[in-house]
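In what follows, a structure is listed as structure tokens, so that the remarks can point back to it.
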Amino acid sequence: MSLAAREPVGVAVVGLGYWGPNLVRNLYELGDAELVGVCDLDESRLGRIARRYPDVRRTTSYDELLDDPEVEAVAIATTVGTHFDLARAALEAGKHALVEKPLASSSEEASKLAALADSKGLVLMPGHTFLYSPPVNLVRELIGSGELGDIYFISSSRVNLGLHQPDVSVIWDLAPHDFSILRYWLGEPPTSVSASTRGCVLPGVPDVAFVNLGFPSGTIANVHLAWLAPTKLRQTVVVGSQKMVVYDDGSREPVRIHDSGAVLEDPESFGEYRLTYRTGSILSPPVEATEPLAIELRDFCRAVRTNVIPTSSAQIGLDVVEMIEAVEQAIADHGAVVSIGPGS
Ligand SMILES: NC(=O)c1ccc[n+]([C@@H]2O[C@H](COP(=O)([O-])OP(=O)(O)OC[C@H]3O[C@@H](n4cnc5c(N)ncnc54)[C@H](O)[C@@H]3O)[C@@H](O)[C@H]2O)c1
4 MSLAAREPVG VAVVGLGYWG PNLVRNLYEL GDAELVGVCD LDESRLGRIA RRYPDVRRTT
64 SYDELLDDPE VEAVAIATTV GTHFDLARAA LEAGKHALVE KPLASSSEEA SKLAALADSK
124 GLVLMPGHTF LYSPPVNLVR ELIGSGELGD IYFISSSRVN LGLHQPDVSV IWDLAPHDFS
184 ILRYWLGEPP TSVSASTRGC VLPGVPDVAF VNLGFPSGTI ANVHLAWLAP TKLRQTVVVG
244 SQKMVVYDDG SREPVRIHDS GAVLEDPESF GEYRLTYRTG SILSPPVEAT EPLAIELRDF
304 CRAVRTNVIP TSSAQIGLDV VEMIEAVEQA IADHGAVVSI GPGS
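Using the numbering used here, the first residue of the sequence shown is number 4, and each one after it goes up by one.
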């Protein structure tokens, strides 16, 4: 690798609300990056960063940041509705862009950003942090190696009490996590989507959703999302023809592989069917405890330096936005099944 390829990437963070400070902390500590600036419209948020990182340049002007030649890339952690304008301006200024999930607020915007990045030879990476989570990657290996057999179905629950957001629904807020994980595990986007939702607290802003997805391979999935639940739960169950897996993000044993299943034996006589149920051992492999965001940012820097497509690719970002749009379409059509993907 050349010397330039090993030089830290100059990254500035835009948006210092809830999530941005996590990007700041990781970039500050990462050898592959140099934190060359932070930006927020809100002075008090800049002040909070200044107390912790007094040597980092601060500004309320995004244009000033984009004019700075030391800024090679921006990490955008602002509210979803601002992603498109900020990312477009960055790419037009010749900066690589890491955009927090979801990539944009429509597939049209996400496609435009992807095309712009392509035409300029710049990296556009959505911040799908779970794609860098060691347990998520362990489950992906189990699926990819065939150890679980055919994947019959996946069910996922991501529920918590709060935080209600006035500008986006629970779907735009939480579904990017599960949708990106499913897209990553199965290696294909779904072709059908249906959903039922309800705005329980703020009328018109869904805070609970039950989403059904159908994939070309035959796998079906259900994703339950809510800002209204008595306890925090981040659990996904993957049921295969050979084995089953429970991935529990909040557990000390985040991946448990169950050697369980049901087998249809050959009938001994006409009209007879016999099922054998198997409840074998449960294995809980050790899982690396590295912070996914640090791995994500390293992948971003590697993509900037080597031009290799990051694991959290612009295509996955676009597919996730298309999945969310399909959910919204299904809701608008009163729960109809919506087809997505080519030809729909
Ligand atoms: N990857 C993850 O796990 C994860 C977790 C939480 C949030 N997020 C994402 O991070 C993003 C931010 O979420 P949040 O909860 O931190 O939001 P937030 O509302 O807490 O913070 C947004 C910040 O952006 C600033 N801002 C808005 N417009 C700006 C502009 N034009 N220029 C400069 N600053 C601007 C605001 O002043 C605010 O400080 C969202 O896209 C969200 O989905 C990702």
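Backbone N, C-alpha and C define an ideal beta-carbon position, used for all residues, glycine too. All of these numbers come straight from a predicted model, not from anything done at the bench.
{"Item": "L286 to I184 span [Cα, whole Å]", "Value": "22 Å"}
{"Item": "Option in I343, A333, L19, S136 with minimal Cα separation from S199", "Value": "A333"}
{"Item": "Coil, strand or helix - Q238 by DSSP", "Value": "strand"}
{"Item": "Limits of the alpha helix (DSSP H) - the one that L278 falls within", "Value": "Not the alpha helix (DSSP H): L278 falls in the beta strand (DSSP E), residues 277–286."}
{"Item": "Pair within 8 Å by beta-carbon distance, V126 and H99", "Value": "yes"}
{"Item": "Boundaries (first-last residue) of the alpha helix (DSSP H) holding D322", "Value": "317–335"}
{"Item": "Cβ-based neighbour list, A224, same chain, cut-off 6 Å, excluding 5 preceding and 5 following", "Value": "I157, L185, L216"}
{"Item": "W22 CB to nearest heavy atom of ligand 1 below 7 Å", "Value": "yes"}
{"Item": "Validate contact between the segment 168–183 and the segment 301–312 using beta carbons, cut 8 Å, 3 pairs", "Value": "no"}
{"Item": "Segment contact flag, the segment 18–25 with the segment 39–52, C-beta cutoff 8 Å, min 3 pairs", "Value": "yes"}
{"Item": "Distance between beta carbons of L106 and A113, contact taken as under 8 Å", "Value": "5 Å"}
{"Item": "DSSP state of G3 mapped onto helix, strand, coil", "Value": "The question about residue 3 has no answer here: the residues shown for the chain are numbered 4 through 347."}
{"Item": "Alpha-carbon to alpha-carbon, E291 and V323", "Value": "27 Å"}
{"Item": "Sequence-distant residues of its chain with Cβ nearer than 6 Å to S254 (five each side left out)", "Value": "none"}
{"Item": "Whole-Å CB distance - L151 paired with G283, under 8 Å assumed", "Value": "Their Cβ separation, rounded to whole angstroms, is 13 Å, which puts L151 and G283 out of contact at 8 Å."}
{"Item": "Closer than 7 Å: G243 CB and nearest ligand 1 heavy atom", "Value": "no"}
{"Item": "Distance between beta carbons of I79 and G149, contact taken as under 8 Å", "Value": "38 Å between Cβ atoms; not a contact."}
{"Item": "Presumed contact (8 Å Cβ cut-off) between S160 and L236, rounded CB distance", "Value": "5 Å"}
{"Item": "Whether V208 touches I154 by CB criterion (8 Å)", "Value": "no"}
{"Item": "Separation of L296 from C42, as counted between CA atoms", "Value": "20 Å"}
{"Item": "One or two residues paired with S183 in a DSSP bridge", "Value": "According to DSSP, S183 bridges with nothing at all."}
{"Item": "Extent of the continuous alpha helix (DSSP H) to which R91 belongs", "Value": "86–95"}
{"Item": "Per-residue DSSP class, three states only, for G147", "Value": "helix"}
{"Item": "Within the segment 242–270, ranges of the beta strand (DSSP E) (whole runs, at least 3 residues)", "Value": "247–251, 258–268"}
{"Item": "Three-way DSSP call (helix, strand, coil) for T293 in this model", "Value": "coil"}
{"Item": "Residues of its chain near G165, where Cβ-Cβ distance is below 8 Å and the 5 sequence neighbours each way are ignored", "Value": "W230"}
{"Item": "Inter-residue Cα distance where the pair is A317 and R201", "Value": "30 Å"}
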